[in-house]
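Enquirer: Under our numbering, think of the first position of the sequence shown as 15, with each following residue one higher.
Each residue gets a CB set at the ideal place from its N, CA and C atoms; glycine is no exception.
Predicted model only: the values in this text are computed from it and were never measured.
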Amino acid sequence: MKGPHADELEETQPAEVSRKRTYFDHWDLIAVLALTAVAFVLRFYSPIMPDFFLHPFQGPLITNCVSNTPIDAKGDPGTICGLAYPFNRGYADTQGVLSPPNGQVFDEIYFPVDAYDDIKGIELCKPTTTNCKYNYFDPEPPLAKLFIASGEWGYGWYRAHFQGASGDYIDLGFNTFGWRIAACLFGTLCIPMMYLFARRLWPNRIFAITAATLACFDGMFFIQSRIGMIDIFPVFFILLAYFLYLVHIQSRTPRSSLISLVALGTVLGIGIASKWIVLAAFASIVFLMVVRAIRRHVDIRIGPSNRPIWSWGRGDSPVIPQGLHWSTYLVVAAVALVAIPLAIYVESWYPFFARGQFHNLADLIEYQKQSYIYHATLTATHPYGSKWWSWPLLSRPVLYYAEYTNLGIDHWTGQQLISRMANLGNPWIWWTSLPCVVSLPYFIVRYRSFPATVILLGFLSQYLPWSQISRVLFMYHMFGGLIFMVLALAFVLARIAEQLKRPGRIMLVGSFLGVAVLFFFYFYPIWTGLPISGAAYFAGPQTPPWGPKTWLVNCRNDLPPTQQQLFCWN
15 MKGPHADELE ETQPAEVSRK RTYFDHWDLI AVLALTAVAF VLRFYSPIMP
65 DFFLHPFQGP LITNCVSNTP IDAKGDPGTI CGLAYPFNRG YADTQGVLSP
115 PNGQVFDEIY FPVDAYDDIK GIELCKPTTT NCKYNYFDPE PPLAKLFIAS
165 GEWGYGWYRA HFQGASGDYI DLGFNTFGWR IAACLFGTLC IPMMYLFARR
215 LWPNRIFAIT AATLACFDGM FFIQSRIGMI DIFPVFFILL AYFLYLVHIQ
265 SRTPRSSLIS LVALGTVLGI GIASKWIVLA AFASIVFLMV VRAIRRHVDI
315 RIGPSNRPIW SWGRGDSPVI PQGLHWSTYL VVAAVALVAI PLAIYVESWY
365 PFFARGQFHN LADLIEYQKQ SYIYHATLTA THPYGSKWWS WPLLSRPVLY
415 YAEYTNLGID HWTGQQLISR MANLGNPWIW WTSLPCVVSL PYFIVRYRSF
465 PATVILLGFL SQYLPWSQIS RVLFMYHMFG GLIFMVLALA FVLARIAEQL
515 KRPGRIMLVG SFLGVAVLFF FYFYPIWTGL PISGAAYFAG PQTPPWGPKT
565 WLVNCRNDLP PTQQQLFCWN
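(1) Taking just the CA atoms, how far does C569 sit from G233?
(2) Which partner residues of T77 appear in the DSSP bridge assignment?
(3) So I358 and T280 are supposed to be a Cβ contact under 8 Å. How far apart are they, rounded?
(4) Going by DSSP, what residue range makes up the beta strand (DSSP E) through I299?
(5) Is there a Cβ from chain D that is less than 8 Å from the Cβ of G168?
(6) Counting along the chain, where does the alpha helix (DSSP H) carrying T446 start and finish?
(7) Could you please give me the residues that DSSP links to Y105 through a beta bridge?
(8) Please state whether DSSP places T83 in a helix, a strand or coil.
(9) Using C-beta distances below 7 Å, list every residue in its chain close to Q578, excluding the 5 sequence neighbours before and after it, in chain order.
(10) Within the same chain, show all residues whose beta-carbon is closer than 7 Å to that of T369, passing over the 5 residues directly before and after it, in chain order.
(11) I need the boundaries of the beta strand (DSSP E) containing R434, first residue and last residue.
(12) Relative to the C-alpha of Y37, which residue among W216, A106, G110 is closest?
(13) Excluding the 5 residues flanking E30 on each side, which residues of the same chain have their C-beta closer than 6 Å to its C-beta?
(14) Three-state secondary structure (DSSP) at L215?
(15) Once DSSP output is grouped into helix, strand and coil, what is the label at W403?
(16) Nearest to G117 by alpha carbon, out of P455, Y551, Y414?
(17) Within 10 Å of its beta-carbon, does W560 have 16 or more other beta-carbons around it, so buried, or fewer, so exposed?
(18) Could you name the residues of the same chain whose beta carbon sits closer than 6 Å to that of F457, not counting the 5 residues immediately before and after it, in chain order?
(19) Starting from G472, trace the alpha helix (DSSP H) in both directions and tell me its first and last residue.
(20) Specify, as a first and last residue, the run of the alpha helix (DSSP H) that W167 falls within.
(21) Taking the Cβ atom as the reference point for each residue, do L253 and F211 lie within a distance shorter than 8 Å?
(22) Take L275 as the anchor and find which of V345, I223, I286, I314 has the nearest alpha-carbon.
(23) At what residues does the beta strand (DSSP E) containing R519 begin and finish?
(24) Taking the straight line between their C-alpha atoms, what separation do you get for C79 and L56?
(25) Which same chain residues, not among the five before or five after F250, have their C-beta less than 7 Å away from its C-beta?
(26) Which word fits D377, buried or exposed, when buried means at least 16 other C-beta atoms lie within 10 angstroms of its C-beta?
(27) Is S113 near the ligand FAD, judged by its Cβ being under 7 Å from some heavy atom?
(28) Between the alpha carbons of D42 and A229, how many angstroms are there, rounded?
(29) Would you say V333 and R315 are within 8 Å of each other, going by their C-beta atoms?
(30) Should P574 be labelled buried (16 or more other beta-carbon atoms within 10 Å of its own) or exposed?
(31) Based on Cα-Cα distance, which residue from A197, A225, L282 lies nearest to L356?
(32) From T224, M243, Y343, L503, pick the residue whose C-alpha is nearest to that of S270; which is it?
(33) Among L522, D572, M492, which one has its Cα closest to the Cα of V506?
(34) Tell me the rounded alpha-carbon separation between L501 and I469.
(35) Can you confirm whether the segment 160-172 touches the segment 86-98 when touching is taken to mean that 3 or more C-beta pairs between the two stretches lie within less than 8 Å?
(36) With a CB to CB cut of under 8 Å and the five nearest residues on each side skipped, what residues in its chain are close to Q177?
Now the structure itself:
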């Protein structure tokens, strides 16, 4: 199917045109199901590795289990499989207490514990309880942690009903698998959601397949789907919100327009209650809706009116479907985009009210103030902190996990095995996306491209606000902007492919995506913590001929804590 050019999809299409164009057919369904299956297998079952060479004729050809890895806080060795791996050993503090106590990796020491406290607080405390022991302060909204809690509780239920375990479900599910499964499911759903978003933005199948495939095989999309952190949840809701925005402006009946508008507000409310970065998507979508309404009454022209240098006409289609009164639309818009998100945000704090930490809305408002003050005044440093402008360059990925002892010996080099897990993005995807992002203004000005406009606005709104934040930041804060880096790359690639005949088009896109997949499996050990030799990580005499996994090594030991490393993957 050949879709229209990139600048034709802003408006609702006439009925006779819509009958000729299919936004989603059986080939799209096949593509979505295939990509979703691949994404789920990689996220749920990793680390997947061949086992035949290490144990020939002694077991399966491949395995997703890691042996001789810590299985408790003391570091006792054992075997862990799939999503439950890795388990971080504990390190004794001055009192001899091991931390982390339950195998938490990086920020899993915060979010899964808060999720657990939310459920236990509801179970064991009451609104009248004073100083419930499950009270806590976290500057992030609670809903993403409640998604994590649902995974913990659900896995506890599974263990009780199918594995013979006994106890409170939240206690049984409070482990590495329990607090990662929700992120795994949402991370998997990001892939079909990327496809549907791209397909609606520009009904070109190459664009949609490319965007979804790049998201499937990007390192940050992958690793954030396998760790008990909150970042994958708002990213999913950002994708869903933009998709619903497109469904809304392309609605052809009053009923579908109003339903999609309410659905959009609901999703934005859920996303904002998960993490504040969804506020940027909220602002961008509202801005696009307002500008679209204004354009119906204003011709944008540069130069003389009779011979403008550049113009962008009003468009022919109505802002709202015929038969829908503006007064009705504005009332529903106010409810959908103000009342519903606000109600969802307040309701998401239910655990705080249920355990007596909040007693009224004044307590909730004060908590928001303290959260803002925390973000605005935090002065702590971190060895893996990085500047906002360095993120697209993959300058300083965050090391989430490391284990250097007792993992065994590499059969090929005889070296000690080590395990490291970092949130490095796929360099092929990130670095090739940068010129594509830079090129978007060209498509906007030259072709009046609505898809390019949405992608550029989405990127800027998710990325530039971080430049004004003074607290220590990390490369995973680029995650919201990464959505639009991927879309920019897919958009430019599809535009180039459109200029080629079918064999060349398939060869161009197929070879580009093939390289992305090769990069994914090259860096796969970094994203899964798969034990490999030190020489495979760092350049040395026994480094394999294809080179080490650590490419950027501009690392300095003499930097003060306030000065952050640049172009350092170590």
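Expert: So, from the data block:
(1) If you take the alpha carbons of G233 and C569, they lie about 22 Å apart.
(2) T77 is bridged to M63.
(3) Your pair I358 and T280 checks out as a contact, with CB atoms roughly 7 Å apart and the cut at 8 Å.
(4) Unbroken run through I299 is the alpha helix (DSSP H), 292-309; no beta strand (DSSP E).
(5) In summary, chain D is missing from the structure at hand, where a single protein chain is found.
(6) For T446, the enclosing alpha helix (DSSP H) covers residues 441-461.
(7) Paired residues: S113.
(8) Residue state, collapsed to three classes: strand.
(9) Cβ neighbours of Q578 beyond the five flanking positions: G399, S400, K401, R410.
(10) At residue 369 the sequence reads Arg, which differs from the Thr that was named. So the list reads G135, I136, C139, T143, C146, Y148, N149, once near-sequence residues are dropped.
(11) 431-436 is the extent of the beta strand (DSSP E) around R434.
(12) From the listed residues W216, A106, G110, the smallest Cα separation to Y37 is found for W216.
(13) Its pLDDT being 41, under 50, E30 is placed unreliably in this model, and the value from its coordinates should be taken loosely. Here the set comprises nothing.
(14) If DSSP states are grouped into helix, strand and coil, L215 belongs with the helices.
(15) W403: helix per DSSP, three-state reduction.
(16) Nearest option by C-alpha distance: Y414.
(17) Residue environment analysis places W560 among the exposed positions, since fewer than 16 neighbouring C-beta atoms fall within 10 angstroms of its C-beta.
(18) Contacts found: S463, A466.
(19) It spans 464-477 - the alpha helix (DSSP H) in which G472 sits, taken as one unbroken run.
(20) 157-176 is the span of the alpha helix (DSSP H), which, as asked, contains W167.
(21) With respect to the 8 Å criterion, L253 and F211 are classified as neighbours on the basis of their beta carbons.
(22) Nearest to L275 by alpha-carbon distance, out of V345, I223, I286, I314, is V345.
(23) Note, R519: premise wrong, no beta strand (DSSP E); alpha helix (DSSP H) at 516-536.
(24) Whole-angstrom Cα-Cα distance: 14 Å.
(25) So the list reads F200, L203, C204, M207, once near-sequence residues are dropped.
(26) With fewer than 16 other Cβ atoms within 10 Å, it is exposed.
(27) The model on display carries no ligand, and the ligand FAD is accordingly not part of it.
(28) Their Cα atoms are separated by approximately 17 Å.
(29) The criterion of a C-beta distance shorter than 8 Å is not satisfied by V333 and R315.
(30) It counts as exposed.
(31) Cα-wise, what sits closest to L356 is L282.
(32) Checking every option, the nearest Cα to that of S270 belongs to Y343.
(33) Among L522, D572, M492, the Cα nearest to that of V506 is on L522.
(34) Using only the alpha carbons, I get a separation of about 7 Å.
(35) The segment 86-98, when compared against the segment 160-172, does not touch it at the 8 Å Cβ threshold.
(36) Excluding positions up to five away in sequence, the list is empty.
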